[in-house]
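Below is one structure, written out as structure tokens; comments come after it.
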Amino acid sequence: MGIVIKSGCSDNSFETLLPFPNATYFATYIGGAAAGLKLLKNHKIGRIASMASLVMTLGFFPFLGWVAIYPISVVLIVFIWNAKKKTTQTVQLNS
1481 MGIVIKSGCS DNSFETLLPF PNATYFATYI GGAAAGLKLL KNHKIGRIAS
1531 MASLVMTLGF FPFLGWVAIY PISVVLIVFI WNAKKKTTQT VQLNS
């Protein structure tokens, strides 16, 4: 987040900020394809299509470069935040 704010405040053009939504789109598409694999267990063609899109998108993801770390870090922060929130609620319920 600090990178986006720092980049937006300087004299950089949109070329600096454009890769961030692109990486987020790729990560969202990977999540959707993975969900398709799980949801289409009994549909052979849908499962094949989901697998193909997942494999191809995962193949392109490393070519995003360092920007690919952005959506991964957002997901990690959300998971850590939710885990911390869940343990805090459990402690409060036990008190």
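Residue 1544 in our numbering sits at position 64 of the sequence shown, and the numbers go up by one each step. Even glycine gets a Cβ: it sits at the ideal position worked out from N, Cα and C.
Inset, instruction - Would you check if the distance between the CB atom of ALA1513 and the CB atom of THR1537 is smaller than 8 Å? - result: Their beta carbons are under 8 Å apart, which means ALA1513 touches THR1537 by this criterion.
Legend entry - Three-state class that DSSP yields for ASN1522 in the structure shown: In the structure shown, the three-state DSSP call for ASN1522 is coil.
Inset, instruction - Return the first residue and the last residue of the alpha helix (DSSP H) that LEU1497 is part of. - result: Residues 1494-1497.
Inset, instruction - To the nearest angstrom, report how far apart TRP1561 and HIS1523 are at their CA atoms. - result: Going from the Cα of TRP1561 to the Cα of HIS1523 covers about 35 Å.
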